[in-house]
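**Q** One structure follows; several queries about it will come next.
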Amino acid sequence: MADYIKLKKGLNVPMVGAPQPVVKKSVISEVIALKPTDFKNLTPRLLVREGDAVKAGTPVFADKFSPEIIFASPVSGVVSEVVRGEKRKLLEIRIKTDKQIEYIKYDLPKVEDLSAEKIIEALKKSGLWVCLKQRPYGIIPNPNVEPKAIFVSGFSSVPAAPDYDYALKDEFDNIQLAINALNKLTKGGVHMGLSRISANSTPLHKLKNVYFHVFDGPHPADNVGVQIHHISPVNKGEVVWTVDLPLLAAIGKFFSKGIYDMSRTVAITGPRANDPCYVKAVAGMSMKDIAEFVSSEADPKQSYQAGCGVRYISGNVLTGTNVGAEGYLGFFDYQVTLITEGNYYEGLGWAKIFRPKKFSSSRTYFSWLTPKKEYNMDSNYNGGERAFVMNKAYNDVLPMDIYPVYLLKAILAEDIDKMEALGIYEVVEEDFALCEYICPSKIDIQSIIAKGIDIMLKEMA
Amino acid sequence: MDIRKFVDNIKPTFEKGGKLGFLHSTFDAFESFAFVPNTVTKRGSHVRDCVDLKRIMIVVVVALLPAFCFGVYNIGYQHSLAVGADMGFWQMVWYGFLKILPLYLVSYIVGLGIEFISAQINGHEVNEGYLVSGMIIPLIMPVDVPLWTLALAVAFAVLIGKEVFGGTGMNIWNPALIARAFLFFSYPSKMSGDEVWVSVGKNDVLVDGFTGATPLAQATGGDLSYSFMDMFIGLIPGSVGETSTIAILLGAIILIWTGVASWKIMVSGVIGALAVGFLGNAFAPEGSYLALPAWNHLVMGGFAFGIVFMATDPVTSAQTETGKWIYGFLVGALAIVVRLFNPGYPEGMMLAILLMNTFAPLIDYYVVNANINRRLKRATK
């Protein structure tokens with residue numbers, strides 16, 4: 001049976017805009033984009049040219065150093081534009097979509113009859129291999145190294161979180177099929193973290209061939225990194241794989257129907273979503289397609305936000321990417337968060353005794369008096385950058401046996417031995433998102449972790 | 001928002017290339033003091049908690065207010081006792097206020113002045129850490145400290161205690177205590193003895209038998225005339241803010257409730273002090289200083305003020321939670337050891353905190369190493 005893990009540390013960030021369980025639109029994008037930048041440490045090699053016709057499943061680019069790892073188009077259509085940045089860095093491949101998606105069909109035997117090698121082969125060929133991530137570092141896994149185990153988080157506790165039980169309610173069989181397939185790739189089995197709140201009500205708990213672990217506690221209980229830390233932590237030399245639940249469904253669809261189907265239910269959330277809900281869409285959808293869900297004016301109750309624009313975030317508000325009104329949904333994102341740009345001055349903000357429209361987890365303000373209240377948060381820093389001062393605050397939101405400030409300082413000092421000793425193998429950026437959120441010194445902590453991972457990757461290369 | 005418009009109008013003058021560009025950091029400090037800046041997140045988490053260091057520092061200042069207010073009153077009260085004057089409550093407060101105002105003016109003008117200049121030279125933003133240090137420094141001084149020595153001490157504390165390390169967050173020792181230690185060792189006659197603790201004018205005539213001795217001085221001499229309750233309430237001679245344990249406890253409640261200071265350091269500090277105190281009691285010859293019941297040490301001298309407001313400084317104390325227990329215990333224990341066994345220094349709190357500031361990184365080193373070893377053991381299992 002499932003084991004039970006109680007997490008005391010963490011913080012639920014009370015932002016308004018959680019989605020109502022209703023699908024309001026089936027988005028058919030005119031143009032979608034693939035973004036090599038969604039994948040960490042990837043050097044892409046382009047396989048198509050502007051004007052080429054592609055089907056759903058056609059390889060669009062590949063990993064330059066492992067060309068058998070390909071990235072497929074989620075739609076059928078014509079490559080309309082290749083966007084490059086500085087030093088010709090490949091940023092986006094835009095594809096003008098057909099009205100009806102045409103899929104490449106794969107003929108696969110039943111999962112039960114496939115060997116591990118065949119499954120890896122099929123995943124690589126279809127473009128689904130890149131749904132998997134490897135820890136340490138959160139990169140695309142090396143197919144030649146067997147992982148200790150595979151981990152999936154079965155819920156989301158981010159601010160204004162989508163409800164996977166709703167978003168994936170028709171995908172149960174596909175998820176089961178994917179688990180059966182992935183089970184063949186590791187001796188350690190597939191592990192799934194469930195939330196204590198929904199552990200018995202979620203359809204997921206009926207899944208077979210999977211080890212369940214029930215997590216009880218605030219965010220980041222849903223972070224797969226936190227879950228791994230408590231189930232079977234990553235030691236030096238060990239490798240585990242993780243996969244997002246919605247992508248597990250995509251892998252399952254591949255084995256059942258033989259197609260590369262990246263359609264997904266995306267939650268439209270956040271304070272500037274005028275009607276937080278779900279839409280049916282495809283990975284890489286354009287933000288233009290959800291323009292009708294964006295409120296053009298800031299909430300009049302938040303007078304200081306008057307006239308401020310909207311930030312479009314692909315992903316959640318703690319770890320997502322600011323893509324802009326014309327940007328595209330990321331490969332690993334199942335949520336769009338709309339918040340107000342906080343480029344306003346707030347007179348004597350920090351000196352007000354009460355600041356009821358802003359949330360603070362620190363008791364130096366009075367948010368603790370209204371524990372159920374949700375807040376209209378915006379992108380203002382709420383202060384200026386300083387050196388690390390309040391060292392305990394970070395400990396309180398990181399439910400891992402890791403000293404966050406010591407690890408961060410080891411990274412800033414580029415001390416590889418110390419980073420290794422202090423736990424760099426166990427973390428990726430998202431695990432430190434809450435540390436960054438609460439930081440009174442306004443330090444960009446996730447960038448420091450990203451830098452640490454880059455240093456390690458260069459060192460190990 | 002007319003003030004905002006005015007600020008926007010004069011802003012270009014202070015930016016690089018503007019006429020007053022050399023005052024950029026100063027302008028920025030005043031602007032961000034009056035207005036939370038309009039900067040937005042660029043990387044990482046898109047929303048941020050509304051707490052910042054300014055808020056944390058102002059909470060400490062608020063927590064210091066009870067001790068400050070009591071200190072102001074007590075200056076007047078002690079003066080009236082010393083000269084035998086019949087003064088009303090407000091007269092005493094006014095007298096105390098006039099006495100302490102110059103100390104604060106010197107503390108903030110010199111301290112913030114140096115902070116502003118060094119921020120300008122280094123191109124930093126001005127850090128708000130000195131708001132707290134500047135509030136504390138007059139509270140740990142004798143009321144009659146000469147202003148020029150105070151100015152020297154503040155300059156020394158800010159420059160050598162903080163700026164040479166890179167400013168708030170990088171310093172090793174508590175800056176306020178550096179100021180006090182500087183005066184203590186450079187101008188001992190102004191910092192100890194019986195005369196300095198009570199404000200007395202040149203022409204005032206002392207009441208017969210009034211000495212102005214602090215409880216610590218009396219206890220070292222073997223005849224403590226104040227009861228536990230006297231010292232707990234705090235209408236006694238001493239540094240401005242340290243005398244009233246009640247006022248300090250009010251501050252401690254604010255600090256602990258808001259989470260700004262560590263209750264672990266405070267609790268373990270008290271345990272450490274009591275441990276050494278009781279140990280002394282157990283082996284004390286009858287009637288000696290050692291025989292003074294241990295709990296008296298908690299309300300005498302600067303112990304309470306030090307353990308609540310200075311040992312808990314988040315920058316210079318131990319950084320790990322386990323380390324805080326050890327660090328606090330040793331601060332408390334060492335302070336009482338110095339009091340009991342070193343006849344040269346009646347008060348041990350300042351030295352105990354500064355010494356443990358020095359050793360805090362060593363304590364943390366062993367705590368963090370234990371974490372590293374746990375991780376290694378896990379791997380070889």
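First to last, the protein sequences are chains G and V.
The first sequence maps to residues 1 to 461 in this note's numbering.
The second sequence maps to residues 1 to 381 in this note's numbering.
Note that beta-carbon positions come from the ideal geometry of N, C-alpha and C, so glycine has one too.
Drop a sphere of 10 angstroms on the beta-carbon of V:Leu-101, count the other beta-carbons inside from all chains shown, and report buried for 16 or more, exposed for fewer.
**A** Working through the second sequence from its first residue, we reach residue 101 of chain V at position 101. Looking at its Cβ environment, which holds fewer than 16 other Cβ atoms inside 10 Å, V:Leu-101 is exposed.
**Q** Put V:Arg-378 into one of helix, strand or coil per three-state DSSP.
**A** Start at 1 with the first residue of the second sequence, and residue 378 of chain V comes out as number 378. Here V:Arg-378 sits in helix by DSSP.
**Q** Cα separation between V:Gly-84 and V:Val-205?
**A** As a working mapping, residue 84 of chain V is identified with position 84 in the second sequence. As a working mapping, residue 205 of chain V is identified with position 205 in the second sequence. Their backbone Cα atoms lie some 9 Å apart in a straight line.
**Q** Pick from V:Pro-146, V:Gly-302, V:Thr-320 and V:Glu-321: whose alpha carbon is nearest that of V:Phe-338?
**A** Counting from one through the second sequence, the residue named residue 338 of chain V turns up at place 338. Residue identity differs from the one stated: residue 338 of chain V is Val in this sequence, not Phe. Among V:Pro-146, V:Gly-302, V:Thr-320 and V:Glu-321, the Cα nearest to that of V:Val-338 belongs to V:Gly-302.
**Q** Mind checking which residues open and close the alpha helix (DSSP H) that includes V:Asp-230?
**A** Taking the second sequence and counting its residues from 1, one reaches residue 230 of chain V at position 230. Judged by DSSP secondary structure, V:Asp-230 falls within the alpha helix (DSSP H) whose first and last residues are 228 to 233.
**Q** When you compare the CB positions of G:Ile-150 and G:Trp-241, do they come within less than 8 Å of one another, or not?
**A** Along the first sequence, read from residue 1 onward, the residue named residue 150 of chain G stands at position 150. Along the first sequence, read from residue 1 onward, the residue named residue 241 of chain G stands at position 241. Yes. Within cutoff.
**Q** Anyone know if the C-beta pair for G:Ile-402 and G:Gly-383 falls short of 8 Å?
**A** Mapped onto the first sequence, residue 402 of chain G falls at position 402. Mapped onto the first sequence, residue 383 of chain G falls at position 383. Result no, Cβ atoms of G:Ile-402 and G:Gly-383 do not sit closer than 8 Å.
**Q** Please confirm if G:Asn-343 has its CB atom under 8 Å from at least one CB of chain V.
**A** Residue mapping note: residue 343 of chain G aligns to position 343 of the first sequence, counting from 1. Judged by the 8 Å Cβ criterion, G:Asn-343 is in contact with chain V.
**Q** Pull up the distance between the alpha-carbon of V:Leu-330 and that of G:Ile-449, whole angstroms please.
**A** Here residue 330 of chain V refers to the residue found at position 330 of the second sequence. Here residue 449 of chain G refers to the residue found at position 449 of the first sequence. Straight-line Cα distance between these residues: approximately 35 Å.
**Q** Could you tell me which chain V residues have their CB closer than 7 Å to the CB of G:Leu-422, listed as they occur along the chain?
**A** Your numbering for residue 422 of chain G matches position 422 in the first sequence. Neighbours of G:Leu-422 on chain V, chain order: Ile-372.
**Q** Cβ closer than 7 Å: which chain G residues qualify as neighbours of V:Gln-319?
**A** The residue labelled residue 319 of chain V in the question sits at position 319 within the second sequence. Taking a Cβ-Cβ cut-off of 7 Å, the neighbours of V:Gln-319 in chain G comprise Asn-391 and Val-405, given in sequence order.
**Q** Among all the DSSP beta bridges, which residues are the ones paired with V:Arg-4?
**A** Start at 1 with the first residue of the second sequence, and residue 4 of chain V comes out as number 4. According to DSSP, which records beta bridges pairwise, V:Arg-4 is partnered with nothing at all.
**Q** Return the chain-ordered list of same chain residues with a C-beta closer than 7 Å to the C-beta of V:Asp-364, the five sequence neighbours on each side being excluded.
**A** As a first step, residue 364 of chain V must be located in the second sequence, where it is residue number 364. In its chain, beyond the 5 residues on either side, Ala-318, Gln-319, Thr-320 and Gly-323 have a beta carbon closer than 7 Å to the beta carbon of V:Asp-364.
**Q** Looking at the C-beta of V:Asn-174, does it have a partner C-beta in chain G at a distance below 8 Å?
**A** Here residue 174 of chain V refers to the residue found at position 174 when the second sequence is read from its first residue. Not closer than 8 Å to any Cβ of chain G, the Cβ of V:Asn-174 fails to qualify, so no.
**Q** Evaluate G:Val-22 with the Cβ neighbour count: other Cβ atoms within 10 Å of its Cβ, from every protein chain shown; 16 or more gives buried, anything less gives exposed.
**A** For the purposes of this step, residue 22 of chain G is taken as the residue at position 22 of the first sequence. Answer is exposed; the Cβ neighbour count stays below 16.
**Q** Does DSSP put G:Arg-287 in a helix, a strand or coil?
**A** Position 287 of the first sequence holds residue 287 of chain G. Note on residue identity: the sequence assigns Met, not Arg, to residue 287 of chain G. Looking at G:Met-287 - three-state DSSP - the assignment turns out to be helix.
**Q** What residues are listed by DSSP as bridge partners for V:Met-300?
**A** Against the second sequence, residue 300 of chain V aligns to sequence position 300. BP columns for V:Met-300 are empty, so no partner.
**Q** Give the straight-line distance between the Cα atoms of G:His-465 and V:Met-57, rounded to the nearest whole angstrom.
**A** The requested residue 465 of chain G is not part of the displayed model; chain G covers only 1 to 461.
**Q** Within 10 angstroms of the Cβ of V:Ala-273, are there 16 or more other Cβ atoms? Answer buried if so, exposed if not.
**A** For this step, residue 273 of chain V is matched to residue 273 along the second sequence. Classification of V:Ala-273: buried, given that the 10 Å Cβ count is 16 or more.
**Q** Distance, Cα to Cα, G:Glu-117 vs G:Leu-182?
**A** Taking the first sequence and counting its residues from 1, the one referred to as residue 117 of chain G is at position 117. Taking the first sequence and counting its residues from 1, the one referred to as residue 182 of chain G is at position 182. If I take the Cα positions, the gap works out to 11 Å.
**Q** Chain G partners of V:Val-267, CB-CB under 9 Å?
**A** Position 267 of the second sequence, counting from 1, holds the residue named residue 267 of chain V. Ordered by position in chain G, no residue passes the 9 Å Cβ test against V:Val-267, which lies about 15 Å from the chain.
**Q** For G:Pro-300, is the classification buried or exposed, using 16 other Cβ atoms within 10 angstroms of its Cβ as the cut-off for buried?
**A** Within the first sequence, residue 300 of chain G is the residue found at index 300, counting from 1. So G:Pro-300 counts as exposed.
**Q** Run through chain G and tell me which residues come within less than 7 Å of V:Pro-12, C-beta to C-beta.
**A** Counted from its first residue, the second sequence places residue 12 of chain V at position 12. Residues of chain G passing the Cβ test: none, with the nearest at roughly 16 Å.
**Q** Return helix, strand or coil for G:Tyr-81, following the three-state DSSP convention.
**A** Locating residue 81 of chain G in the first sequence gives position 81, counting from the first residue. Here residue 81 of chain G turns out to be Glu, not Tyr, going by the sequence shown. Looking at G:Glu-81 - three-state DSSP - the assignment turns out to be strand.
**Q** I believe V:Arg-43 touches G:Gln-100 by the beta-carbon criterion, under 8 Å. Please report the beta-carbon distance rounded to the nearest angstrom.
**A** Translated into the one-based positions of the second sequence, residue 43 of chain V becomes position 43. Translated into the one-based positions of the first sequence, residue 100 of chain G becomes position 100. Contact flag wrong, Cβ pair sits at about 40 Å.
**Q** Please check the pair G:Ala-273 and G:Leu-338, which I expect to be a contact at CB under 8 Å, by giving their CB distance rounded to whole angstroms.
**A** For this step, residue 273 of chain G is matched to residue 273 along the first sequence. For this step, residue 338 of chain G is matched to residue 338 along the first sequence. Contact flag correct, Cβ pair sits at about 5 Å.
**Q** Closer than 6 Å by C-beta to V:Ser-268: which residues in its own chain qualify, once you throw out the five before and the five after it? Chain order, please.
**A** As a working note, residue 268 of chain V is residue 268 in the second sequence. Counting only Cβ-Cβ distances below 6 Å, and skipping sequence neighbours, we find Trp-325, Gly-328 and Phe-329.
**Q** Taking C-beta pairs closer than 9 Å, name the residues in chain G that V:Val-198 reaches, listed in chain order.
**A** Here residue 198 of chain V is taken as the residue at index 198 of the second sequence, counted from 1. Correct list: empty, because the minimum Cβ distance to chain G is about 36 Å.
**Q** Please report the distance separating the alpha-carbon of G:Lys-372 from that of G:Ile-69.
**A** Translated into the one-based positions of the first sequence, residue 372 of chain G becomes position 372. Translated into the one-based positions of the first sequence, residue 69 of chain G becomes position 69. Roughly 47 Å separates the two Cα atoms.
**Q** Contact between the region 213 to 222 of chain V and the region 39 to 55 of chain V: three or more CB pairs below 8 Å?
**A** The region 213 to 222 of chain V and the region 39 to 55 of chain V do not touch, with fewer than 3 CB-CB distances between them shorter than 8 Å.
**Q** Could you spell out the range, first to last residue, of the beta strand (DSSP E) harbouring G:Ser-263?
**A** Residue mapping note: residue 263 of chain G aligns to position 263 of the first sequence, counting from 1. Looking at the DSSP string, the run of the beta strand (DSSP E) that includes G:Ser-263 is 263 to 269.
**Q** Can you give the Cα-Cα distance for G:Ser-30 and V:Trp-263, rounded to whole angstroms?
**A** By 1-based counting over the first sequence, the position of residue 30 of chain G is 30. By 1-based counting over the second sequence, the position of residue 263 of chain V is 263. Residue identity differs from the one stated: residue 30 of chain G is Glu in this sequence, not Ser. Cα to Cα, G:Glu-30 sits roughly 59 Å from V:Trp-263.
**Q** Assess contact between the region 390 to 397 of chain G and the region 59 to 77 of chain V, defined as three or more Cβ pairs (one per stretch) separated by less than 8 Å. Is contact present?
**A** no
**Q** Within 10 angstroms of the Cβ of V:Met-229, are there 16 or more other Cβ atoms? Answer buried if so, exposed if not.
**A** Translated into positions along the second sequence, residue 229 of chain V becomes position 229. Exposed, since its Cβ has fewer than 16 Cβ neighbours within 10 Å.
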